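**Q**
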Amino acid sequence: MRSPASSSVIADQAAMHAALDSTGMDWRTPRARTWRSLSDIAADWAIICLTVWIAYRIGVWASIAALFVIGNRQRALGNLLHEAGHQNLSKSRDVNDRIAYVFLAPPLFNELTLYRFQHAWHHGSLGDPVHDPDYLSSVTRAGDHWFRVYLRVLTTPSTWAGSIFGHLISTRLALRQKFVIVLWWAACEALLDITIGTHFALLFFALWIVARATVFHAITTFREMTDHYGLQPGGIFSYTRDVPDHGISSVFMHPHHNGYHLTHHLFPHIPYPDLPEFHSRLRQISEFNRRAIICETYMWGSCASVTKWEATHA
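In terms of the working numbering, the sequence shown opens at residue 1 and continues consecutively.
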C-alpha cells in the first residue's frame, strides 16, 4: 500500500532533478567504487580490533575508553550498511550484497533484506506516523531544553533494545534468518579463540555488546533526531536536515559523511564518498538554497541541528 507521504517525496525529488537539468551542467550520478567501500570497511574493523587488543593488554581503564571508539565505529559500520541498502557500495548488486552479508549486517545483528525493505518505506513514506518505520513521535514538553528531549528519546526502552539487539528482536525476521546472525557470531568468536585466545574472544564480544548499549545507542539516537526530529512532515525539504562535515564532531556523530541526509533523501543513489561534493554543487542552485534546512553545527548557534527539538518548537 502506498503511503500518503509518497507524493510529496516524489515531488521534491522531481523538483530538484528539474532544477539540476535547468543548469545545463554535467550532473552525472557518480558510480559506487568497490575498492573505496572495502577499504573503509577494513579500516573500521581494524580500528575496532586494535582497540580491543589494547584493552586486552592494558585492562579495565582501557576497556572503558575502548567503548567510545568501538561504539563510534559500530555507527560507522551501520552507516555503511545503510549504503549497502541503497546499493552504494559497489556498482554490482551481487558484490554489494555479499559485502554487506559478510562484513556489515550480521555483526550489527541485522538482516540485509529486512533492512532494505524497512529503509525503502522510510524513504517513500518520510514523516508518515503510520508507514515510516523511523518516525519519531514528539516527546517534547513545555519548558524542555533540547538535551532533556534527547534524554527522553534515549531512555525509551524499545529504542534502547533495538540499538542493542537489532533485528534479533524483530517479529518480521524468521528464526532461520536469526540463526544466520548467531552463526556468524559463533564463527567469529571461534576464529578469535583459535587465533588469539578465549579471553580475547570473550572480551571482544563483551565490549561489542556494552558499546552497543551505551555509546552506539547514544550516537544513533542523536543522529536519528538530527536527521528529522522537530521538523514538519510534508516532504523531503520540510522534514530533513543536512549537517555538512565540520571536523571531529562529524566523524563522531556522522561517520562516512552520513550528515548529508537531505542531500541523500533527494538523491539516494549518490555514493557516500561523493555526498560532500554533490552537496556543494547543490548549493549553487537557488531552489535548493531557498528550501534546504542546513545546519552548520550540532548544538550551538541559531542554525544548530538541535534548535527545533526544544519546547518552543514543539
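By construction, the Cβ of each residue, glycine as well, lies at the ideal position given by its N, Cα and C atoms.
Remember, predicted model here, so these are calculated numbers, not experimental data.
Which same chain residues, not among the five before or five after THR214, have their C-beta less than 7 angstroms away from its C-beta?
**A** Within the same chain, THR214 has close Cβ partners LEU67 and GLY71.
**Q** Take the Cβ of SER163 as the centre, count every other Cβ of all protein chains shown within 10 Å, and call the residue buried at 16 or more, exposed below.
**A** By the 10 Å Cβ count, SER163 comes out buried.
**Q** Measuring only the C-alpha atoms, how far is ALA314 from GLN232?
**A** Reliability of the predicted coordinates at ALA314 is poor, the pLDDT of 42 falling under 50, and the value obtained from them is presented with this limitation in mind. One C-alpha to the other measures close to 10 angstroms.
**Q** To which residues of the same chain is LEU20 closer than 6 angstroms at the C-beta, ignoring the five residues directly before and after it?
**A** Correct list, in chain order: TRP27.
**Q** Quick one: complete alpha helix (DSSP H) runs, 4+ long, within the segment 4-69?
**A** With a minimum length of 4 residues, the continuous alpha helix (DSSP H) runs that stay inside the segment 4-69 are 6-23 and 34-58.
**Q** Which of helix, strand or coil does DSSP assign to ILE219?
**A** Helix.
**Q** Report yes if the CB atom of ASN79 is closer than 8 angstroms to the CB atom of HIS269, and no otherwise.
**A** Contact flag unset, no.
**Q** Rounded to whole angstroms, what is the Cα-Cα separation between MET1 and VAL130?
**A** Residue confidence for MET1 is low, a pLDDT of 47 falling below 50, so the modelled location carries little weight; the figure read from the coordinates is stated next. Roughly 12 angstroms between the two C-alpha positions.
**Q** Between the Cα of ARG93 and the Cα atoms of LEU108, PRO106, PRO107 and THR113, which residue gives the shortest distance?
**A** Residue THR113 is the option with its Cα nearest to ARG93.
**Q** Here's the rule: buried if 16 or more other CB atoms are within 10 angstroms of the residue's CB, otherwise exposed. What is PHE288?
**A** Classification of PHE288: buried, given that the 10 Å Cβ count is 16 or more.
**Q** Just verifying my parser: in three-state terms, what is the DSSP assignment at LYS308?
**A** Three-state DSSP puts LYS308 in a helix.
**Q** Would DSSP call ARG241 helix, strand or coil?
**A** The answer is strand: DSSP assigns ARG241 an E or B state.
**Q** Under DSSP, the alpha helix (DSSP H) around GLU277 begins and ends at which residues?
**A** Taken as a continuous stretch (DSSP letters only), the alpha helix (DSSP H) holding GLU277 covers 275-282.
**Q** So what does ILE294 bridge to, in DSSP terms?
**A** Beta-bridge pairing links ILE294 to ASP242.
**Q** For PHE222, which of ALA18, ARG241, THR263 and GLN177 has the nearest alpha-carbon?
**A** Of the candidates ALA18, ARG241, THR263 and GLN177, the one whose C-alpha sits nearest the C-alpha of PHE222 is ARG241.
**Q** Between which two residues does the alpha helix (DSSP H) containing GLN232 stretch?
**A** Taken as a continuous stretch (DSSP letters only), GLN232 belongs to no alpha helix (DSSP H), as it is neither H nor E.
**Q** Buried or exposed, going by whether 16 or more other CB atoms sit within 10 Å of the CB of HIS122?
**A** Buried.
**Q** With H, G and I counted as helix, E and B as strand and the rest as coil, what does DSSP make of ASN96?
**A** In this structure, ASN96 counts as helix in the three-state DSSP scheme.
**Q** Shortest alpha-carbon distance to PRO30 belongs to which of THR307, LEU38, ARG290 and HIS279?
**A** Of the candidates THR307, LEU38, ARG290 and HIS279, the one whose C-alpha sits nearest the C-alpha of PRO30 is HIS279.
**Q** Any beta carbon of chain D sitting closer than 8 angstroms to that of TYR150?
**A** Although the question refers to chain D, the structure presented lacks it and comprises just one protein chain.
**Q** Can you tell me the Cβ-Cβ gap for SER262 and ILE236, rounded? I've got them flagged as a contact below 8 angstroms.
**A** Going by the sequence as given, residue 262 is Leu instead of Ser. The Cβ separation is near 7 angstroms, so the contact holds.
**Q** If you draw a straight line from the C-alpha of TYR101 to the C-alpha of TRP35, how long is it?
**A** The alpha-carbon atoms of TYR101 and TRP35 are separated by roughly 17 angstroms.
**Q** From THR297 to ILE248, what distance separates their C-alpha atoms?
**A** Their Cα atoms are separated by approximately 12 angstroms.
**Q** Runs of 4 residues minimum, wholly inside the segment 187-221: which ones carry the alpha helix (DSSP H) assignment?
**A** For the segment 187-221, whole alpha helix (DSSP H) runs of length 4 or above, ordered along the chain, are 198-211.
**Q** Assign GLY162 to one of three DSSP states: helix, strand, or coil.
**A** Reduced to three states, the DSSP call for GLY162 is helix.
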